[in-house]
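This report refers to the structure that appears directly beneath it.
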Amino acid sequence: MTNSTQHQSTQPSFLPNLLVRHRHVQTVLLTLHRAKPTNVQEAAQEMILETTEGVQLQGYYSPQPEQSKGIVLLLHG
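Following the working numbering, the numbering of the sequence shown begins with -3 at its first residue and continues without gaps.
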């Protein structure tokens, strides 16, 4: 016995412009133009954190010029 469910979205389907409909065109176009780094990227300092288990994690710290209200930590698995 198979149990199948279908997801029905209430939002319209994404339909890109005719010139960029091929699945690789948007990726290729992005590689042709490099954005200039922002102030946050220029101020970023690389940090290597080592856990008690010996695992090393690479991170970047971007200090803010004015009074900060805290730190945001983004983790990507």
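Glycine is no exception: its CB is placed at the ideal position from the N, C-alpha and C atoms.
Residue closest to residue i, alpha-carbon to alpha-carbon, out of the options
i	options	result
N13	V21, T6, L53	V21
E42	L11, Q63, P59, G55	G55
A39	T48, Y57, L53	Y57
V36	V68, P59, L71	P59
Rounded separation between residue i and residue j - CA only
i	j	result
P61	T34	14 Å
S64	V24	38 Å
V16	E46	43 Å
Unbroken alpha helix (DSSP H) run spanning residue i, endpoints
i	result
L25	21 to 28
Q37	35 to 39
Boundaries of the beta strand (DSSP E) in which residue i is found, first to last residue
i	result
L53	52 to 57
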